[in-house]
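Visitor: First the structure, then my questions, so here it is.
Protein chains: 2
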Amino acid sequence: MRLILAITNALADETRVRAVLALQGGELCVCQLIELLGLAPSTISKHLFLLKQAQLIESRKEGRWIHYRLAGDDAPQAVRDALAWLFASAAKEPDALDDAKRLKTILKQDPEDICKRQMQSLKSCSCAPATPAAAKWRKAGLAISRAR
Amino acid sequence: MRLILAITNALADETRVRAVLALQGGELCVCQLIELLGLAPSTISKHLFLLKQAQLIESRKEGRWIHYRLAGDDAPQAVRDALAWLFASAAKEPDALDDAKRLKTILKQDPEDICKRQMQSLKSCSCAPATPAAAKWRKAGLAISRAR
DNA sequence: TCGTTAATTCGCCAATTGACGAATTATAGA
DNA sequence: TCTATAATTCGTCAATTGGCGAATTAACGA
Chain R
13 MRLILAITNA LADETRVRAV LALQGGELCV CQLIELLGLA PSTISKHLFL
63 LKQAQLIESR KEGRWIHYRL AGDDAPQAVR DALAWLFASA AKEPDALDDA
113 KRLKTILKQD PEDICKRQMQ SLKSCSCAPA TPAAAKWRKA GLAISRAR
Chain E
13 MRLILAITNA LADETRVRAV LALQGGELCV CQLIELLGLA PSTISKHLFL
63 LKQAQLIESR KEGRWIHYRL AGDDAPQAVR DALAWLFASA AKEPDALDDA
113 KRLKTILKQD PEDICKRQMQ SLKSCSCAPA TPAAAKWRKA GLAISRAR
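From first to last, the protein sequence lines are chains R and E. Mapping of the first sequence onto my numbering: residues 13 to 160, in sequence order. Mapping of the second sequence onto my numbering: residues 13 to 160, in sequence order.
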């Protein structure tokens, strides 16, 4: 029951649902999620913590950057099925499609630029470099979302 | 997105999850749910309202009694899939098994007796008579839960 | 028609949640 | 080593939620 409620609670918030849907395309760093979701870094961080508690997402640290991705095949069945339910149910949601579109433009930008822009407008920031490791996890993320 | 969040919000509370799981065995009246869940009638009523808003359950009025049952095949795909996810994920939960056991003893009792006991201990109450219509919906409920 | 009663709605309170900024941690680079 | 920075944790606040009892609604039955 603990895990079930952690999952439903985690998915009972629009921002968190949008974050999970955004990760369908592969892993993202916090700064990209901040850019997409338009909330303060500390707020995003807390949301990601809740999603991670529910085992819906995993994270990988690379230097100063933390990359988040969807839970893998090692996740509990309840988690994988919940993600499958969400993706199927949200596939044609206007909000999700809009986010997917905006995410595309975010991914086209140099993460450094996103970082700098956030630095200027706010005062804390994060961004991700396009390292080989990141490319690998992005590919894995794509494979996962395709498999569902 | 509206429906998705209504569903996850509705299922993000232990009492409501227990109520939905209890309805797997067929329809129940509010008084039986009060007995099972051990909360005030007004509280149960509010929970059922939220579940109904999310289209996870439906209700049927029979005289003074209102019988709740799981959503049927006419419910949106997201709803039916969410219920299927919940039933699969909660199948072996100790809390659910315990509730199922206690529900059995509740169902064995004459609803009138449950009603009277609630009347005495509290001062508001509800119960359900074993009418032919109730038996029909109970049967339908069993068919639904078997199909998942 | 008038009580009785199953259930809901309403109003209130304590606890939780989501948001933010400030402070902190950890890592890269000068 | 010292600075800059990506991200988190902490403290605070307003808004929401879950709980209850009281009042209300709707339907049966004397």
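Beta carbons are placed, not taken as given, at the ideal position from N, Cα and C, and that holds for glycine. The structure presented is a predicted model; accordingly, all values stated were derived computationally and were not measured.
(1) Exposed or buried, E/Asp111, counting other C-beta atoms within 10 Å across all chains shown (16 or more means buried)?
(2) Could you give the C-beta distance for E/Gly84 and E/Glu70, rounded to a whole number, given that I count them as a contact under 8 Å?
(3) For R/Arg72, which three-state DSSP category applies?
(4) Using a Cβ cut-off of 8 Å, which residues of the segment 26–38 of chain R contact any Cβ in chain E, in chain order?
(5) I'd like to know whether the C-beta of E/Asp107 is nearer than 8 Å to at least one C-beta of chain R.
(6) Please confirm if R/Ala90 has its CB atom under 8 Å from at least one CB of chain E.
(7) Is it buried or exposed for E/Gly50, if we count other Cβ within 10 angstroms and need 16 for buried?
(8) Are R/Leu62 and R/Arg28 touching if we call contact CB-CB under 8 Å?
(9) Can you give me the start and stop residues for the alpha helix (DSSP H) that E/Leu60 sits inside?
(10) Between which two residues does the alpha helix (DSSP H) carrying R/Thr119 extend?
(11) Quick check on R/Leu23: does DSSP put it in helix, strand or coil?
(12) Could you tell me the alpha carbon to alpha carbon distance between E/Leu60 and R/Thr117, rounded to whole angstroms?
(13) From the DSSP output, which residues share a beta bridge with R/Arg81?
(14) Starting from E/Cys41, follow its DSSP beta bridges and name the residues at the other end.
(15) Give the straight-line distance between the Cα atoms of E/Ile99 and E/Leu48, rounded to the nearest whole angstrom.
(16) Using a threshold of 8 Å, state whether the C-beta atoms of R/His79 and R/Leu40 are closer than that.
Guide: Judging by the given coordinates:
(1) Residue burial is scored here from C-beta neighbours: E/Asp111 has at least 16 other C-beta atoms within 10 angstroms and is therefore classed as buried.
(2) With 8 Å as the limit, E/Gly84 and E/Glu70 qualify as a contact, their Cβ atoms being about 7 Å apart.
(3) In this structure, R/Arg72 counts as strand in the three-state DSSP scheme.
(4) Flagged, chain order: Glu26, Val29.
(5) By this cut-off, E/Asp107 is an interface position.
(6) True, the Cβ-Cβ gap to chain E drops below 8 Å.
(7) With fewer than 16 other Cβ atoms inside 10 Å of its own Cβ, E/Gly50 counts as exposed.
(8) Yes; because the gap between Cβ atoms is below 8 Å, this pair is in contact.
(9) E/Leu60 -> alpha helix (DSSP H) spans 53–65.
(10) Here residue 119 of chain R is Leu; the residue named in the question, Thr, does not match the sequence. Segment 106–120, the alpha helix (DSSP H) holding R/Leu119.
(11) The answer is coil: DSSP assigns R/Leu23 none of H, G, I, E or B.
(12) Going from the Cα of E/Leu60 to the Cα of R/Thr117 covers about 43 Å.
(13) Looking at the DSSP output, R/Arg81 bridges to R/Glu70.
(14) In the DSSP output, where bridge partners are listed per residue, E/Cys41 has E/His79.
(15) The sequence shown places Phe at residue 99 of chain E, rather than the Ile named in the question. For E/Phe99 and E/Leu48, the gap between their C-alpha atoms comes out near 18 Å.
(16) In this structure, R/Leu40 lies closer than 8 Å to R/His79 by Cβ.
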